[in-house]
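Peer 1:
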Amino acid sequence: MTQNRRRRSMMLAAIGAAGILALTGCAAGDTDGSPESTTLTVWHYYNTDGQVEALQKLADSFTADHPGVDVQFEYVPVDQFTTKAVTAAGAKTGPDVLVYGASGTYSLAEAGAIEPMDEWWDAYADKDQFPDGVMQKVDGKLYGVQGYVNLLGLWYNQDMLDEIGGEVPTTIDEMEAVMQKAVDAGHQGVTLTGKPGFESQWQGFPWFTSHGFSYGDPQAKPMADTFQMLQDWVAKGYLSREASTWDQTVPFQQFASGASAFAVNGNWQIGAAKEASFAYGVAPMPISSDGGVLLGGEVQNIGAFSKNKELAQDFLKATFFSVSGQLTLLDYFGSIPARADAASDAQIGDDPILSVFTDIVQQQGRPSPSPEVPSKNVNEVEGLVGDFWSKAVASDGAPAQLADDLMTQLVPLLKG
Amino acid sequence: MISLRTMTGPSRPSGDRRLALALPAAAILVALALWPLVQLGSMSLHEVTAATLNRDWLFIGLENYTRLFASPDFPRAVGNTLVFVAVVTLLGMVGGFAVAVAVSSPTRGASYLLGMMVFVWALPPVVNGSIWKFLLGDHGLLNEAIRALGGSPAGIGFLYDPQLALWSVALVNSWAVIPFNALIFRAALLAIDSEVLEAAEMDGAGPWQRIRYVLIPHVRATATVLGILTVVYAFRSFDFIYVMTAGGPGTASTTLPYLAYVEAFLRLDYGQGAATALIALAVVIVLALFYARDVRRSEETS
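Line order of the protein sequences matches chains A and B.
Following the working numbering, the numbering of the first sequence begins with 118 at its first residue and continues without gaps.
Following the working numbering, the numbering of the second sequence begins with 102 at its first residue and continues without gaps.
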């Protein structure tokens, strides 16, 4: 019966993978017909113009040094990425390189879509340039490294602050005082994400940890205080209730149009911010010392079924893990280099926005996913917390009740 | 000499041969419809996540179902699904019939309306949903119009008020289904003998009476089949919710199909997602059986 199950599972996976390969018309490690040309496939979910251009730039620089290599990028929508990689692994195939979200590490590792990279990483001369926070480990084994980090900061409209006589806040109380002035002057206080799901967990993390919540010791009170804060912001007009449907793009568009004093958003908005017709800046999140900001960003590793593993390693070392590669990514979409030497580059130190984000990494950065969350429940926990953040923004329940309901579902998941 | 073939008419394949001819279609049906259903059922009885998909699945009996029934999201999703189906079916049927009556006369306005409906019907739901999301936004056309007419300065939270979000998406989905229903109803109305309508008119029947006593009885069989199809369409509706509210705020507009998507493809719990999908599917299958029975009856009658 077990063997039947395995056979059926493999057959399903094979059918799925065959379909995938038929649709994409390429396979890992395929050659394009000429004997000296090797195709290197890279799966990713980048979809903004800057991200796509950055990938092409990385490929161009790599193929300049490896003329016989054709780097093929394949876009996989973020909500299909893990499932597609897992299905492909079931058919013993997949890309040479995966660029994926950190929350997928456990599933990809357990499904055999990626392998431990300790061996070649230990032999990598530049490994000491990377901080521990960007190492994605499962059961002590290294399953991926983030070449860069993405994180949240407090974007502010300097012109608006000057107009209303506000200062850049360092605490939540100070921020609320400025938002009140903004609302009195006919502006909005802040824009942020409230769409159900993972993005909202990321958005909420700094605020609920600032109120004392921890995944290691989950209590309803700090979560209720956070939800109360959100609902007060909505009631006082600081935050639009419509934020409960916003992803991370819409609220920044609102900020960049000059509608609000603040935006809680990421470093990847640097390009979009340049479209603003007012003076702006970024400050660390105005949270307590208990609070933290999750260090996101995509993880890179070699596909377990790559037929060009050494070439794939060379690709990562020459692109995502190199100083020039990380500075290219920084140029195109503002990602903060993970390498210490790249992060200390004058390009960052001299930039008033990027230098603040690197400070936030040092002062408020927390690993993502949170280590206290059992690996196998990461997706469920992040989705659940994000849903409740959305409910709180939409005032879909009283703060205390929402917090109690959340704890009822969250605590069993955190126990593993 | 008269051949046997002439005497008995064209030769017909024997029963065995007819079965053999149906085999390719049956094989495709089994491979693409039945087998995935069997797998879905199997998944719902096992612990299957992204991490375990490629391993032996652990049999856990009905645990996925008991977890689902215990989840606070489930009753809300069931309630939302019922409301959604009721709104889409009612408005889709009534609206479809009303529009069909309006476009059944050969006037220029009717032709224009018919053309517009085909356009709306042909629009991909993602495009349709995105347009409506923009129109229903805080600063969208509808809210600006409400403010301009002296309504609430804060506007109406069509898509973010937990009490309104589901209704808003259901109304948009109804709007999208009306053209299809209208086209089907129109075909049924065009089949009515014009003499019957003329006779009704000569007997003094006004427009409403002609609708009540002539048109409605004539389209009753069509309406039954179309009603079932509309319920099935509404029941499995996913795209408008995905585009317009992502099931939110929170889970305020999450229906069973959307809940299955969240569980399987966002939380990567395929077992739980399969259990949710099967429950939704069971309702659709029951309705499909009614549909099949009705089609068979109408064929027998004709």
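Even for Gly, the Cβ is constructed at its ideal location relative to N, Cα and C.
Compute the beta-carbon to beta-carbon distance between V410(A) and R483(A), rounded to the nearest angstrom, for a pair I have assumed lies under 8 Å.
Peer 2: In the first sequence, counting from the first residue as 1, residue 410(A) sits at position 293. In the first sequence, counting from the first residue as 1, residue 483(A) sits at position 366. Right, the Cβ-Cβ distance comes to about 6 Å (below 8 Å), so this counts as a contact.
Peer 1: Going by Cα to Cα distance, which pick from D513(A), E497(A), A517(A) is closest to L532(A)?
Peer 2: Numbered from 1 along the first sequence, position 415 holds the residue referred to as residue 532(A). According to the sequence provided, residue 532(A) is Lys. The question's Leu does not apply to it. Per the Cα distances, E497(A).
Peer 1: What residues in the stretch 508–524 of chain A have a beta carbon less than 9 Å from any beta carbon of chain B?
Peer 2: Under the 9 Å Cβ criterion, the stretch 508–524 of chain A contributes K508, A509, V510, A511, S512, D513, G514, L519, D522.
Peer 1: Report all residues from its chain with a CB closer than 6 Å to the CB of D521(A); omit the five preceding and five following residues, and keep chain order.
Peer 2: Here residue 521(A) corresponds to residue number 404 of the first sequence, with the count starting at 1. So the list reads A337, once near-sequence residues are dropped.
Peer 1: In whole angstroms, give me the CA-to-CA distance for W272(A) and G503(A).
Peer 2: If you number the first sequence from 1, residue 272(A) lands on position 155. If you number the first sequence from 1, residue 503(A) lands on position 386. Answer to the nearest angstrom: the Cα atoms are 22 Å apart.
Peer 1: Following the continuous beta strand (DSSP E) through R456(A), name the residue where it begins and the one where it ends.
Peer 2: Residue 456(A) sits at position 339 when you count from the first residue of the first sequence. Where R456(A) is concerned, there is no enclosing beta strand (DSSP E), given that its DSSP letter is neither H nor E.
Peer 1: Helix, strand or coil for N164(A)? Go by DSSP, reduced to three states.
Peer 2: As a position in the first sequence, residue 164(A) is number 47, starting the count at 1. Coil at N164(A), not helix or strand.
Peer 1: Could you tell me if Q117(A) is buried or exposed, where buried requires 16 or more neighbouring beta carbons within 10 angstroms of its beta carbon?
Peer 2: Outside the modelled stretch of chain A, which goes from 118 to 533, sits residue 117(A), for which no answer is possible.
Peer 1: With DSSP collapsed to three states, give me the class of F315(A).
Peer 2: Along the first sequence, one-based indexing puts residue 315(A) at 198. In this structure, F315(A) counts as helix in the three-state DSSP scheme.
Peer 1: Can you pull the chain B residues whose beta carbon is under 8 Å from the beta carbon of F369(A), in chain order?
Peer 2: As a working mapping, residue 369(A) is identified with position 252 in the first sequence. Result: empty, since nearest Cβ-Cβ is about 16 Å, beyond 8 Å.
Peer 1: Does DSSP put T158(A) in a helix, a strand or coil?
Peer 2: Working through the first sequence from its first residue, we reach residue 158(A) at position 41. DSSP places T158(A) in strand when its eight states are reduced to three.
Peer 1: With DSSP as the reference, please indicate the residues paired to G482(A) in a beta bridge.
Peer 2: On the first sequence, residue 482(A) is found 365 positions in, with the first residue counted as 1. DSSP, once it has assigned bridges, lists V410(A) as partnering G482(A).
Peer 1: Might you give, ordered along the chain, the residues of its own chain that have their beta carbon closer than 6 Å to the beta carbon of K298(A), omitting 5 neighbours on each side?
Peer 2: The count along the first sequence starts at 1 and reaches residue 298(A) at position 181. Cβ neighbours of K298(A) beyond the five flanking positions: I281, G283.
Peer 1: With DSSP collapsed to three states, give me the class of H319(B).
Peer 2: Position 218 of the second sequence holds residue 319(B). H319(B) falls in the helix class under three-state DSSP.
Peer 1: Report yes if the C-beta distance between L428(A) and V186(A) is below 8 Å; otherwise report no.
Peer 2: What you label residue 428(A) is simply residue 311 of the first sequence in a count that begins at 1. What you label residue 186(A) is simply residue 69 of the first sequence in a count that begins at 1. Yes.
Peer 1: Select from the stretch 470–504 of chain A all residues with a C-beta closer than 7 Å to any C-beta belonging to chain B, and list them in chain order.
Peer 2: So the close ones are K493, N496, E497, G500, D504.
Peer 1: Note the first and the last residue of the continuous alpha helix (DSSP H) segment covering F372(A).
Peer 2: Taking the first residue of the first sequence as position 1, residue 372(A) is located at position 255. 366–373 is the extent of the alpha helix (DSSP H) around F372(A).
Peer 1: Can you check whether the C-beta of P348(B) is within less than 8 Å of a C-beta belonging to chain A?
Peer 2: Your numbering for residue 348(B) matches position 247 in the second sequence. It is Gly, not Pro, that sits at residue 348(B) in the sequence shown. Chain A, which has a Cβ nearer than 8 Å to the Cβ of G348(B), makes this yes.
Peer 1: Just list the residues that DSSP pairs A400(A) with in beta bridges.
Peer 2: Within the first sequence, the letter at position 283 stands for residue 400(A). L271(A), per the DSSP bridge assignment.
Peer 1: Taking the CB atoms as reference points, tell me whether F366(B) and D196(A) lie closer together than 8 Å.
Peer 2: Taking the second sequence and counting its residues from 1, one reaches residue 366(B) at position 265. Taking the first sequence and counting its residues from 1, one reaches residue 196(A) at position 79. Against a cut-off of 8 Å, the Cβ pair of D196(A) and F366(B) comes out as a contact.
Peer 1: In this structure, does DSSP put I281(A) in helix, strand or coil?
Peer 2: Within the first sequence, numbered from 1, the residue matching residue 281(A) stands at position 164. Note: I281(A) maps to helix in three-state DSSP.
Peer 1: When the Cα atoms are used, what is the spatial distance from D177(A) to N425(A)?
Peer 2: For the purposes of this step, residue 177(A) is taken as the residue at position 60 of the first sequence. For the purposes of this step, residue 425(A) is taken as the residue at position 308 of the first sequence. Whole-angstrom Cα-Cα distance: 19 Å.
Peer 1: Under 8 Å, Cβ to Cβ, is there at least one residue of chain B near D184(A)?
Peer 2: On the first sequence, residue 184(A) is found 67 positions in, with the first residue counted as 1. Checking the displayed sequence, the identity of residue 184(A) turns out to be Pro instead of Asp. P184(A) does not count as touching chain B.
Peer 1: In chain order, what residues of the stretch 326–351 of chain B put their CB closer than 8 Å to some CB of chain A?
Peer 2: Listed in sequence order: T346, A347, G348, G349, P350, G351.
Peer 1: Measure the beta-carbon distance from A206(A) to G229(A) and round it to whole angstroms, keeping in mind my assumption that it falls under 8 Å.
Peer 2: Walking along the first sequence from the start, residue 206(A) turns up at place 89. Walking along the first sequence from the start, residue 229(A) turns up at place 112. With 8 Å as the limit, A206(A) and G229(A) qualify as a contact, their Cβ atoms being about 5 Å apart.
Peer 1: Report the rounded CA-to-CA distance for L192(B) versus T325(B), giving the unit in angstroms.
Peer 2: Within the second sequence, residue 192(B) is the residue found at index 91, counting from 1. Within the second sequence, residue 325(B) is the residue found at index 224, counting from 1. Looking at the two C-alpha atoms, the distance is approximately 15 Å.
Peer 1: Can you grab the Cα-Cα spacing for the pair D294(B) / L141(B), in whole Å?
Peer 2: Within the second sequence, the letter at position 193 stands for residue 294(B). Within the second sequence, the letter at position 40 stands for residue 141(B). Approximately 49 Å between the Cα atoms of the pair.
Peer 1: Run down chain A in chain order and give the residues with a C-beta less than 8 Å from the C-beta of R368(B).
Peer 2: The residue labelled residue 368(B) in the question sits at position 267 within the second sequence. Within 8 Å Cβ-Cβ: N496, E497, G500.
Peer 1: Out of S405(A), V262(A), V473(A), D448(A), state which residue places its alpha-carbon closest to the alpha-carbon of G218(A).
Peer 2: Counted from its first residue, the first sequence places residue 218(A) at position 101. Nearest C-alpha to G218(A): V262(A).
Peer 1: Can you look up L242(B) in the DSSP assignment and give me helix, strand or coil?
Peer 2: Against the second sequence, residue 242(B) aligns to sequence position 141. If DSSP states are grouped into helix, strand and coil, L242(B) belongs with the helices.
Peer 1: Whose CA, out of D213(A), T210(A), Q168(A), L225(A), lies closest to the CA of L369(B)?
Peer 2: Along the second sequence, read from residue 1 onward, the residue named residue 369(B) stands at position 268. When each option's Cα is compared against that of L369(B), the closest is L225(A).
Peer 1: In the DSSP assignment, find the unbroken alpha helix (DSSP H) run with E359(A) in it and report its ends.
Peer 2: Your numbering for residue 359(A) matches position 242 in the first sequence. Premise fails: E359(A) is in no alpha helix (DSSP H) and is neither H nor E.
Peer 1: Answer with yes or no whether the minimum CB distance from T182(B) to chain A is below 8 Å.
Peer 2: Indexing the second sequence from 1 puts residue 182(B) at position 81. For T182(B), the answer is no, since every Cβ of chain A falls outside 8 Å of its Cβ.
Peer 1: Under 9 Å between beta-carbons, which chain A residues line up against A225(B)? List them in chain order, please.
Peer 2: Locating residue 225(B) in the second sequence gives position 124, counting from the first residue. Note that residue 225(B) is Pro in the sequence shown here, rather than Ala. Result: empty, since nearest Cβ-Cβ is about 16 Å, beyond 9 Å.
Peer 1: Which residue from V189(B), S206(B), W268(B), F185(B) puts its Cα closest to that of P308(B)?
Peer 2: Counting from one through the second sequence, the residue named residue 308(B) turns up at place 207. Comparing Cα-Cα distances from P308(B) to each of V189(B), S206(B), W268(B), F185(B), the minimum goes to S206(B).
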